[in-house]
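Notes follow the structure.
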Amino acid sequence: MGEVATAFGVNQSLIRFWDKEFDILRPRKNAKGNRMFTPEDIKNLQLIYHLVKERGFTLEGAKIHLKEGQKKALDKLAIINKLEAVKEQLLSIKNNL
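Sequential numbering from 1 applies to the sequence shown in the UniProt record's numbering.
And the structure:
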(Lines of atoms letter the chains of each structure in order from A; the text may use other names.)
(Lines give C-alpha, C1' and ligand atoms only; values in the text may rest on other atoms or scores of the structure.)
Protein backbone atom coordinates (compact mmCIF):
# COMPACT_ATOMS: atom_id res chain seq x y z
CA MET A 1 0.00 0.00 0.00
CA GLY A 2 2.90 2.32 0.61
CA GLU A 3 3.83 2.25 -3.06
CA VAL A 4 0.27 3.13 -4.06
CA ALA A 5 0.11 6.01 -1.58
CA THR A 6 3.48 7.30 -2.80
CA ALA A 7 2.38 7.08 -6.43
CA PHE A 8 -0.61 9.29 -5.67
CA GLY A 9 1.28 11.58 -3.30
CA VAL A 10 -1.09 10.89 -0.41
CA ASN A 11 -0.88 9.25 3.01
CA GLN A 12 -1.55 5.55 3.42
CA SER A 13 -4.38 6.45 5.78
CA LEU A 14 -6.19 8.20 2.92
CA ILE A 15 -5.91 5.09 0.73
CA ARG A 16 -7.29 2.98 3.61
CA PHE A 17 -10.10 5.50 4.10
CA TRP A 18 -11.01 5.47 0.40
CA ASP A 19 -10.89 1.66 0.46
CA LYS A 20 -13.56 1.68 3.18
CA GLU A 21 -15.65 4.45 1.58
CA PHE A 22 -15.72 3.37 -2.07
CA ASP A 23 -17.13 -0.06 -2.83
CA ILE A 24 -15.49 -0.11 -6.28
CA LEU A 25 -12.16 -0.72 -4.55
CA ARG A 26 -11.66 -4.39 -3.78
CA PRO A 27 -8.02 -5.04 -2.92
CA ARG A 28 -7.21 -8.53 -1.74
CA LYS A 29 -5.24 -9.03 1.43
CA ASN A 30 -2.19 -11.24 1.69
CA ALA A 31 -1.39 -13.54 4.62
CA LYS A 32 -0.04 -10.58 6.61
CA GLY A 33 -3.22 -8.59 5.99
CA ASN A 34 -1.59 -6.12 3.58
CA ARG A 35 -3.81 -4.79 0.82
CA MET A 36 -2.87 -6.00 -2.65
CA PHE A 37 -4.26 -3.61 -5.27
CA THR A 38 -5.08 -4.97 -8.73
CA PRO A 39 -4.61 -2.91 -11.91
CA GLU A 40 -8.39 -2.33 -11.86
CA ASP A 41 -8.14 -1.00 -8.29
CA ILE A 42 -5.36 1.37 -9.39
CA LYS A 43 -7.55 2.69 -12.23
CA ASN A 44 -10.39 3.21 -9.76
CA LEU A 45 -8.03 4.96 -7.32
CA GLN A 46 -6.91 7.25 -10.16
CA LEU A 47 -10.53 8.07 -10.83
CA ILE A 48 -11.31 8.70 -7.16
CA TYR A 49 -8.18 10.86 -6.84
CA HIS A 50 -9.17 12.83 -9.94
CA LEU A 51 -12.71 13.45 -8.70
CA VAL A 52 -11.87 14.27 -5.08
CA LYS A 53 -8.46 15.93 -5.26
CA GLU A 54 -8.37 17.48 -8.73
CA ARG A 55 -12.02 18.33 -9.36
CA GLY A 56 -13.00 19.03 -5.75
CA PHE A 57 -15.88 16.58 -5.43
CA THR A 58 -17.10 15.71 -1.96
CA LEU A 59 -16.94 12.01 -1.10
CA GLU A 60 -20.70 11.72 -1.54
CA GLY A 61 -20.53 13.60 -4.83
CA ALA A 62 -17.77 11.32 -6.07
CA LYS A 63 -19.76 8.22 -5.06
CA ILE A 64 -22.82 9.46 -6.94
CA HIS A 65 -20.74 10.38 -9.97
CA LEU A 66 -19.12 6.94 -9.99
CA LYS A 67 -22.44 5.13 -9.71
CA GLU A 68 -24.01 7.18 -12.50
CA GLY A 69 -21.21 6.97 -15.00
CA GLN A 70 -18.12 5.02 -14.04
CA LYS A 71 -17.33 4.02 -17.64
CA LYS A 72 -17.81 7.57 -18.86
CA ALA A 73 -15.63 8.92 -16.06
CA LEU A 74 -12.87 6.39 -16.82
CA ASP A 75 -12.98 7.38 -20.49
CA LYS A 76 -12.65 11.06 -19.56
CA LEU A 77 -9.74 10.30 -17.24
CA ALA A 78 -7.99 8.39 -20.04
CA ILE A 79 -8.46 11.36 -22.37
CA ILE A 80 -7.11 13.75 -19.73
CA ASN A 81 -4.05 11.53 -19.21
CA LYS A 82 -3.40 11.40 -22.97
CA LEU A 83 -3.76 15.16 -23.28
CA GLU A 84 -1.33 15.72 -20.42
CA ALA A 85 1.19 13.43 -22.14
CA VAL A 86 0.79 15.36 -25.40
CA LYS A 87 1.23 18.63 -23.49
CA GLU A 88 4.48 17.34 -21.97
CA GLN A 89 5.73 16.34 -25.42
CA LEU A 90 4.86 19.73 -26.88
CA LEU A 91 6.58 21.54 -24.02
CA SER A 92 9.65 19.38 -24.54
CA ILE A 93 9.69 20.22 -28.25
CA LYS A 94 9.24 23.92 -27.47
CA ASN A 95 12.13 23.87 -24.99
CA ASN A 96 14.41 22.22 -27.55
CA LEU A 97 13.82 24.93 -30.17
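Beta carbons are placed, not taken as given, at the ideal position from N, Cα and C, and that holds for glycine. Since this is a predicted model, take the numbers as computed values, not measurements.
Note down the Cα distance separating leucine 66 from lysine 94, rounded to an integer number of angstroms.
Walking along the sequence shown from the start, residue 66 turns up at place 66. Walking along the sequence shown from the start, residue 94 turns up at place 94. Rounded to whole angstroms, leucine 66 to lysine 94 spans 37 Å at the Cα level.
Name the residue from Asn96, Asn44 and Gly9 whose alpha carbon lies nearest to the alpha carbon of aspartate 23.
By 1-based counting over the sequence shown, the position of residue 23 is 23. Per the Cα distances, Asn44.
Is lysine 20 a contact residue of the ligand SAM, with contact defined as CB to any heavy atom under 7 Å? Absence of the ligand SAM is noted for the structure shown, with no ligands found whatsoever.
Arginine 16 (DSSP reduced to helix, strand or coil)
For the purposes of this step, residue 16 is identified with residue 16 of the sequence shown, where counting begins at 1. If DSSP states are grouped into helix, strand and coil, arginine 16 belongs with the helices.
Let me confirm a value: leucine 51 is counted as buried when at least 16 other C-beta atoms fall within 10 Å, else exposed. Which label applies? Position 51 of the sequence shown, counted from the first residue, corresponds to residue 51. Using a 10 angstroms sphere on the CB of leucine 51, the tally of other CB atoms reaches 16 or more, which defines it as buried.
Start-to-end residues for the alpha helix (DSSP H) that takes in asparagine 44: Within the sequence shown, the letter at position 44 stands for residue 44. Where asparagine 44 is concerned, the enclosing alpha helix (DSSP H) stretches over 39 to 49.
Item to check | Three-way DSSP call (helix, strand, coil) for lysine 76 in this model | outcome: Within the sequence shown, the letter at position 76 stands for residue 76. Lysine 76 falls in the helix class under three-state DSSP.
> So what does methionine 36 bridge to, in DSSP terms?
Replying inline: As a working mapping, residue 36 is identified with position 36 in the sequence shown. DSSP output for methionine 36 lists Arg28 as bridge partner(s).
Margin query: Going by DSSP in three states, asparagine 10 sits in which element: helix, strand or coil?
Written below: Taking the first residue of the sequence shown as 1, we reach residue 10 at position 10. Note that residue 10 is valine in the sequence shown here, rather than asparagine. Valine 10: coil per DSSP, three-state reduction.
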